[in-house]
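S.K.: Below you'll find the structure I mean.
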């Protein structure tokens, strides 16, 4: 019996590390598409519409299961929609590392929401991992010229709200344990399409006049990026406590910091490297704890 549990022990961790790596680098193709004339809202709408085409059959084939969670499923759909739209806009308008740091205050929200909604009270080891991760984030975020780590502009608020919505979405994923990964993924893509479409209409954005290659790039980002990332994160989150998955996903901070250092002129200071090291250590400890306990 123990041998049969092995794949289910390591695969959720690997899934979360994969999605964290991809999300830590997705800012680059998003900025390339913006430079080609595609507004962030339009990129999100096109990319997730392409992803939704993959999931329409899943939504239809499992339509009889929607009624099992009349509140949790719509909440997850709306939260997933705002998470992705707000993150894309924040990462296009703000500094990559700062946006990721504010987004990944989400372990705090995950801890509180998981406790209040799911009854997942962290054990002492969970509190240690959480404290280590948050300490790393605070070290990276601290800026003597700014003061306390508090949202200071439009991009900051988008990042913070995206992180909270991400935690809420993950809590609902855990709550809907009888629904398949593919149904939850398709529902999240539907949420993103609806929120992005509402944003386009409210902002009054005209239909973009861009090349076919640019549109193809947005579609490819949906199929090769967002589809994989969504399925990976939902699978990982559904197979472990919310506070632990939130900590493992902090690996995205490290990927984002390194990629922005290489591909942009943004500077990463020693304190940010120190904070990133603490975050990476917390992700390793969380993964190790799960493997040892066989959860």
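Numbering (our numbering), first residue to last: 1256 to 1550. The beta carbon of each residue, even a glycine, is placed where N, CA and C say it ideally should be. Since the model is a prediction, treat every value here as computed from it, not as a measurement.
Under 8 Å: do the stretch 1358-1376 and the stretch 1416-1423 share three or more Cβ pairs, one atom per stretch?
M.R.: In short, these stretches touch, since the Cβ pair count reaches three.
S.K.: Count the other CB atoms, across all protein chains shown, that sit within 10 Å of the CB of residue 1442; report buried if there are 16 or more and exposed otherwise.
M.R.: In the chain shown, counting from the first residue as 1, residue 1442 sits at position 187. Buried is the call here.
S.K.: Closest to residue 1425 by CA distance: which of 1298, 1332, 1311 is it?
M.R.: Numbered from its first residue, the chain shown carries residue 1425 at position 170. When only C-alpha atoms are compared, the closest one is 1332.
S.K.: Does the Cβ of residue 1521 have 16 or more other Cβ atoms within 10 Å, making it buried, or fewer, making it exposed?
M.R.: Here the question's residue 1521 lines up with position 266 in the chain shown. By the neighbour-count rule (16 or more Cβ atoms within 10 Å), residue 1521 is not buried but exposed.
S.K.: For a quick check, are the C-beta atoms of residue 1448 and residue 1304 less than 7 Å apart?
M.R.: Stepping through the chain shown from its first residue, residue 1448 is reached at position 193. Stepping through the chain shown from its first residue, residue 1304 is reached at position 49. Yes, the Cβ-Cβ distance between residue 1448 and residue 1304 is below 7 Å.
S.K.: Determine the contact status of residue 1296 and residue 1451, defining contact as a CB-CB distance below 7 Å.
M.R.: Counting from 1 along the chain shown, the entry for residue 1296 is found at position 41. Counting from 1 along the chain shown, the entry for residue 1451 is found at position 196. In contact: residue 1296 and residue 1451 (Cβ atoms closer than 7 Å).
S.K.: For residue 1462, does the count of other Cβ atoms within 10 angstroms reach 16, so buried, or fall short, so exposed?
M.R.: The residue you call residue 1462 lines up with position 207 of the chain shown. When all chains shown are included, residue 1462 counts as exposed.
S.K.: Please report the straight-line C-alpha distance between residue 1328 and residue 1335, rounded to a whole angstrom.
M.R.: Counting from one through the chain shown, the residue named residue 1328 turns up at place 73. Counting from one through the chain shown, the residue named residue 1335 turns up at place 80. About 10 Å.
S.K.: In chain order, which continuous runs of the alpha helix (DSSP H) of length 4 or greater are located wholly inside the stretch 1430-1507?
M.R.: Within the stretch 1430-1507, the complete alpha helix (DSSP H) runs of at least 4 residues are 1436-1458, 1467-1476, 1482-1493, 1497-1503.
S.K.: Rank 1324, 1283, 1366 by C-alpha distance to the C-alpha of residue 1513 and give the top, closest one.
M.R.: Position 258 of the chain shown, counted from the start, is the residue given in the question as residue 1513. Measuring from the Cα of residue 1513, the nearest candidate turns out to be 1283.
S.K.: Provide the residue span of the alpha helix (DSSP H) that contains residue 1348, from first to last.
M.R.: Walking along the chain shown from the start, residue 1348 turns up at place 93. That run of the alpha helix (DSSP H) goes 1327-1348.
S.K.: What's the C-alpha gap between residue 1489 and residue 1517?
M.R.: The sequence position of residue 1489 within the chain shown is 234, counting from 1. The sequence position of residue 1517 within the chain shown is 262, counting from 1. Spanning the two alpha carbons is a distance of roughly 29 Å.
S.K.: Residue 1429 and residue 1330 - do their beta-carbons sit closer together than 7 Å?
M.R.: For the purposes of this step, residue 1330 is identified with residue 75 of the chain shown, where counting begins at 1. For the purposes of this step, residue 1429 is identified with residue 174 of the chain shown, where counting begins at 1. No, they are not a contact pair.
S.K.: If contact is defined by three or more beta carbon pairs under 8 Å, each pair taking one atom from either stretch, is the stretch 1301-1315 in contact with the stretch 1388-1395?
M.R.: Flag = no, the stretch 1388-1395 and the stretch 1301-1315 do not touch.
S.K.: So the candidates are 1480, 1524, 1519; which of them puts its Cα closest to the Cα of residue 1298?
M.R.: On the chain shown, position 43 is the one that residue 1298 refers to. The residue with the shortest Cα to Cα distance from residue 1298 is 1480.
S.K.: Below 7 Å between beta carbons: does that hold for residue 1537 and residue 1502?
M.R.: Within the chain shown, the letter at position 282 stands for residue 1537. Within the chain shown, the letter at position 247 stands for residue 1502. Cβ atoms of residue 1537 and residue 1502: closer than 7 Å.
S.K.: Do you know offhand how far residue 1456's Cα is from residue 1352's?
M.R.: Within the chain shown, residue 1456 is the residue found at index 201, counting from 1. Within the chain shown, residue 1352 is the residue found at index 97, counting from 1. Roughly 30 Å separates the two Cα atoms.
S.K.: Just mark residue 1499 as buried or exposed, buried being the case when its beta carbon has 16 or more other beta carbons within 10 Å.
M.R.: For the purposes of this step, residue 1499 is taken as the residue at position 244 of the chain shown. It is buried - the Cβ of residue 1499 has at least 16 other Cβ atoms within 10 Å.
S.K.: How is residue 1529 classed by DSSP in three states: helix, strand or coil?
M.R.: For the purposes of this step, residue 1529 is taken as residue 274 along the chain shown, with counting starting at 1. Helix.
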